[in-house]
Amino acid sequence: MSRESLLIYDKAAQDFDHALPIGNGRMGAMIYGGVKNELIGLNEDSVWSGGKRNRTDPQAKNIYKRIRELLSQGHVKEAEKLCVDRMMGIPSNCRHYMPLPDLHIEHDIDEANVSDYRLSLDISKACAQVSFTCEGVRYRREYFMSYPAAVLAVRISSDKPGSVSLKAYIDGRDDYYDDNRPVADDMIRLNGGCGGKDGISFACALKMVAEEGARCTEGIKLAAYGCDSVTLYLGARTNFYTASYMDECVNDVARASARGFDALFSEHLEDYTPIYDRCRLELPSNEGLRGLFTDERIERLKNDPSAYDTGLAELYFNYGRYLMISGSRPGTLPLNLQGIWNKDSWPAWGGRYTININTEMNYWPAEVTALPEFHLPLFVLLERMREDGRRAAREMYGCRGFMAHHNTDLWGDCAPQDIWVPATVWPMGAAWLCLHIMEHYRFTQDKDFLRRMYPTLTESCIFFEDYMFEDEKGRLLTGPSLSPENTYISSTLEQGNMCNGPSMDSQIIRQLFTDAIDAAAILGCADDHTKKLAQMLTKLPPIRVGKYGQIMEWAEDYDEAEPGHRHISQLFALYPSDQIDIRKTPELAKAARATLERRLSHGGGHTGWSRAWIINFWARLGDARKVSENITLLLSRSTNMNMLDSHPPFQIDGNFGGCAGIAEALLQSHGKRLTLLPALPDEWSSGYVSGLKARGGFTVDMSWDNGLLTSAEVTALSDNVCTISYRLPFTVSMEGADVALTESEYGCSFTAAAGKTYTITLS
Ligand code: FUC
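Structure (structure tokens):
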């Protein structure tokens, strides 16, 4: 078996959903592969629509408790009206993401005579290629985005000297750039801005190096005639990162061109490949299917509901990791709704950080698939949110601490977003993001990180200490709030969104307080505040089972107006949290299953991200068949031909959620145990995975055959108790010697020593 790492097509992309993404974390490019007119869509992650601002409405403070009261009394419509009138942001939207101009290459080719066309993306090398034959000459274009050199490099060559003639230029929406002209006889620079005096300004520089032949500038274009090969270097910088952005992008391309394409490409491979290779998955793949073009493989699944393509699932996993490495790096902004790849001046949902599921989902595979440092940009944004989140807490709710609603932007805006009752007034955004702190610690065991982020975690808890209220039953509830985007039907048959104490809020707060208490214990800094959190935990409403045997979504056992709704927020407790666990809370796990079955039987899972979440749920419930079915549905119904996730439209969260779901089928490490192959689909009967990470700081390599584990190795990062759970008995050895095991309710435990590798063998 070899890894699935190639996306390949026999035609150029006609639209964005066929174009292939490359990126260096900060800059992104979509390669369309046109023969005569090549279009390369460009992005830079800090190109957003404007500057930082304060949108909180202090009037909210005078009204939110009244809204809470109205909701308790069942006056839902009145409460919702007051919310819309008095609790929205001023103005109502955060900033939104925008594209850079495009790079165009006009290749002097007789398109009518082109044959043997190929467009491909090799994700094991993070480079794209276009090749074709025209009038007996074979042409090749190679594209990669270098992280170390901070440039896009494109080489156009052929097997016949003197046959490359082309023009290259950068252009796009001219309402947002001021200047686009040659700054040297081989370089063009475009300067632009996105509006507002404190807004984002950017510059792109394009440099051409030609081998033999002639080269000149023609207006805004760089032209090459009769060359052996032409290499283009493109740099982009913004004032978000540096005041000298105009000079820096010129320096980037000057430095890169001085070193040359081959040297940059070797450096790129040295940078990229070790990260990509940290984790390897090999599933049985069918050679016949491997011979098909990628769009044919996806079409095949669309056309035949009973078909599956294990190799494509493997490719989807590898692609998720590729997109994370290419879409964000330490020091850049986190992945937004489109990662960094966006063509629209006004993208769907503004291409923002939607933090009622989507941004969190982007980071689900980061730890388990061995990309922990790629998680870090999220924490930088979280830190940036604290200032605005404090203001929102203080001015809108009269509370200490910090909080955010359901969106944020590059500046960390925390005020309400949109004027949309089903989503806008939801106080949980910052809290959910804060759960990533302990998650990063559990995998990496990085105490310094935890120490640095602990104040953020506790500051989020402090908001809820002030904000929650005790109802007549003595329960601590949030409100006014909602269960993200879903509508209930009350006992009086009234429909509503706003409510007090939706289940997801209590589940997030339970995890938040538990994380803060655990972090304090690890850091040895527990105090009276930690004790208070422990007391408050006992007053949070428990997870409850409703009339359909389902996990209740709201504090009352309401029906849903749309029982197949894409959000399944009440199962937050099953994944990503582990408050519902098949071993520890079997009754709740049964109710979680009923919840999923109810959602799915009403057409649930219709967006890519929702389907991806469902895969993770089934994996946690140990249902391999459902995992397999839903992976196929994700591939066939919610995957564009370039393998990017489709909401529709393109939204990258499903790629990451799906990647995490595949990992979750192979290894789980919640509930203080490592469960090996917990939901292995029958079609993945034999396989191999290495480098998966587990909570507690373990690295896991495994092989299996006929659906059964053949060997597993667990390497410990630090001294720690390791509990292994597998459905058959096993022994553990280290350096050839047996390791004594203690049986516990959920597996067999031993004390692992830092740096040692333990071999698990079936007995
Ligand atoms: C939430 C979801 C939508 C979409 C948007 C970006 O509002 O309900 O489906 O993913 O975020």
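To convert, take the position in the sequence shown, counting from 1, and add 2; that gives our numbering.
All residues carry an ideal CB built from backbone N, CA and C; glycine is no exception.
Pair within 8 Å by beta-carbon distance, residue i and residue j
{"i": "S165", "j": "V139", "result": "yes"}
{"i": "E214", "j": "C229", "result": "yes"}
{"i": "A130", "j": "L22", "result": "yes"}
{"i": "L478", "j": "E472", "result": "yes"}
{"i": "G27", "j": "S330", "result": "yes"}
{"i": "A596", "j": "Q552", "result": "yes"}
{"i": "L514", "j": "V427", "result": "no"}
{"i": "A665", "j": "T371", "result": "yes"}
{"i": "V423", "j": "C96", "result": "no"}
{"i": "I342", "j": "G610", "result": "no"}
{"i": "A714", "j": "D703", "result": "yes"}
{"i": "L678", "j": "L669", "result": "yes"}
{"i": "A225", "j": "C218", "result": "yes"}
{"i": "D173", "j": "I222", "result": "yes"}
{"i": "I211", "j": "G237", "result": "It is Val, not Ile, that sits at residue 211 in the sequence shown. Not in contact: V211 and G237 (Cβ atoms no closer than 8 Å)."}
{"i": "P482", "j": "Y66", "result": "yes"}
{"i": "L337", "j": "L412", "result": "no"}
{"i": "G503", "j": "R585", "result": "no"}
{"i": "G689", "j": "P286", "result": "yes"}
{"i": "I1", "j": "D110", "result": "This structure gives no information on residue 1, because the portion of the chain shown stretches from 3 to 765."}
{"i": "G693", "j": "R280", "result": "yes"}
{"i": "G313", "j": "R292", "result": "yes"}
{"i": "G53", "j": "G198", "result": "yes"}
Residue i beta carbon near the ligand FUC (any heavy atom closer than 7 Å)
{"i": "R613", "result": "no"}
{"i": "W343", "result": "no"}
{"i": "Q75", "result": "no"}
{"i": "W351", "result": "yes"}
{"i": "A256", "result": "no"}
{"i": "L339", "result": "yes"}
{"i": "R55", "result": "no"}
{"i": "R639", "result": "no"}
{"i": "A425", "result": "yes"}
{"i": "N358", "result": "yes"}
{"i": "R601", "result": "no"}
{"i": "Q653", "result": "yes"}
{"i": "R97", "result": "no"}
{"i": "E487", "result": "yes"}
{"i": "T410", "result": "no"}
{"i": "R568", "result": "yes"}
{"i": "T609", "result": "yes"}
{"i": "H106", "result": "no"}
Simplified DSSP state of residue i, which is helix, strand or coil
{"i": "M398", "result": "helix"}
{"i": "P543", "result": "coil"}
{"i": "D230", "result": "coil"}
{"i": "N56", "result": "coil"}
{"i": "H408", "result": "coil"}
{"i": "N2", "result": "The displayed coordinates of the chain run from 3 to 765. Any statement about residue 2 would go beyond what the structure contains."}
{"i": "N618", "result": "helix"}
{"i": "L535", "result": "helix"}
{"i": "G35", "result": "coil"}
{"i": "L8", "result": "strand"}
{"i": "N95", "result": "coil"}
{"i": "N819", "result": "Residue 819 cannot be examined here, being either before or after the span of the chain that is shown, 3 to 765."}
{"i": "E80", "result": "helix"}
{"i": "Y179", "result": "strand"}
{"i": "W348", "result": "coil"}
{"i": "A756", "result": "coil"}
For the segment 109-177, which segments carrying the alpha helix (DSSP H) assignment without a break, of at least 4 residues, lie completely within its bounds, in sequence order?
none
Check whether the segment 345-353 touches the segment 139-149, counting contact only when three or more Cβ pairs, one atom from each stretch, lie closer than 8 Å.
no
Could you tell me whether the segment 111-124 touches the segment 35-53, using the rule of 3 or more Cβ pairs below 8 Å?
yes
Is the segment 169-186 touching the segment 241-248 in the sense that three or more CB pairs, one from each, lie closer than 8 Å?
no
Decide if the segment 598-614 is in contact with the segment 626-636; the criterion is three or more beta carbon pairs, one per stretch, under 8 Å apart.
yes
What are the complete alpha helix (DSSP H) segments, minimum 4 residues, inside the segment 252-332?
263-278, 289-292, 296-305, 312-329
Please give the ranges of any beta strand (DSSP E) in the segment 588-647, keeping only runs that are unbroken, at least 3 residues long and fully inside the region.
none
I want to know whether the segment 453-461 touches the segment 433-445 - three or more CB-CB distances under 8 Å.
yes
Check whether the segment 286-305 and the segment 259-272 are in contact - that is, three or more C-beta pairs closer than 8 Å.
no
I want to know whether the segment 54-71 touches the segment 394-411 - three or more CB-CB distances under 8 Å.
yes
With a threshold of 8 Å, are at least 3 pairs of Cβ atoms found where one atom belongs to the segment 71-82 and the other to the segment 360-367?
no
Taking only runs of the alpha helix (DSSP H) that begin and end inside the segment 668-714, which ones reach a length of at least 4 residues, in chain order?
none
Residue ranges of each alpha helix (DSSP H) run of no fewer than 4 residues wholly in the segment 426-510, ordered along the chain?
431-446, 449-469
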